[in-house]
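A.B. asks: Be aware that the sequence shown starts at 7, since it is given in our numbering, and climbs by one per residue.
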Amino acid sequence: MEISCNEARISAETGGGPFGAVIIQVDNETNNVIRYWKEHNHVNEWNDPTAHAEISVIRTACEELGVYDLGIIHRERTKLQQKGETSHCELYSSCEPCPMCMGAVYWAHIPVLVFAATRFDASQQGLNFIDEELYNEFRKPYNEKKINIYQSTCANSLDAFNLWKRTEKTYY
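1) Leaving out five residues on either side along the sequence, give the residues of the same chain with a beta carbon under 6 Å from the beta carbon of Ile116.
2) Three Cβ pairs or more, each shorter than 8 Å: is that satisfied between the stretch 44-55 and the stretch 21-29?
3) According to the neighbour-count rule (16 or more other Cβ atoms, all chains shown, within 10 Å of its Cβ), is His48 buried or exposed?
4) Taking Cβ to Cβ, would you say Ile61 is nearer than 8 Å to Ala110?
5) Answer with buried or exposed for Leu71, where buried requires no fewer than 16 other C-beta atoms within 10 angstroms of its C-beta.
6) Let me know the secondary structure DSSP gives Val118 once reduced to three states.
7) Assign Arg125 to one of two classes, buried (16 or more other C-beta atoms within 10 Å of its C-beta) or exposed (fewer than that).
8) So what's Ser62 in DSSP terms, helix, strand or just coil?
9) Leu86: which of Val32, Glu8, Tyr148 and Glu51 sits nearest, CA to CA?
This is the structure:
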């Protein structure tokens, strides 16, 4: 957690949002940490609104491991060496993840998330990282949201889904 909070400080010192994250890879047999990755917020640096610390560290770990499922990493399927047959990753974040990052944690199948500051800490006056507005927005029906959302179907709207049903695939 200290490394994660250190990354948050580094980000704040260099003009980024005050957020940092660390992923550790843990051997399932011995419970030993195999390796770790650390990142901080890169939104301003990369001009990328999705470059939050958690997203950045998930991308880095997945790329280096050669997997998209960080919940169970099989020795024969990863690009990096590990002694045990399987391992998993855990995420340590300097702050409770926003809805986008929380979604990424679920999509990456990360089984353990530990955070320091809460989303309420981040929304304090002078900080103004207000995720609560997003949580409230998600609850609204489409016609009451701040942005205009429409469904537009066409002749091939479901073609990709129908093809997916009929082909061999790797589920994620």
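In this text, a Cβ means the ideal position worked out from N, Cα and C, and glycines have one as well.
C.D. replies: With the structure as the only source:
1) Leu76, Cys95 and Leu97
2) yes
3) buried
4) yes
5) buried
6) strand
7) A residue is called buried once 16 or more other Cβ atoms fall within 10 Å of its Cβ, and Arg125 is buried on that count.
8) In this structure, Ser62 counts as helix in the three-state DSSP scheme.
9) Val32
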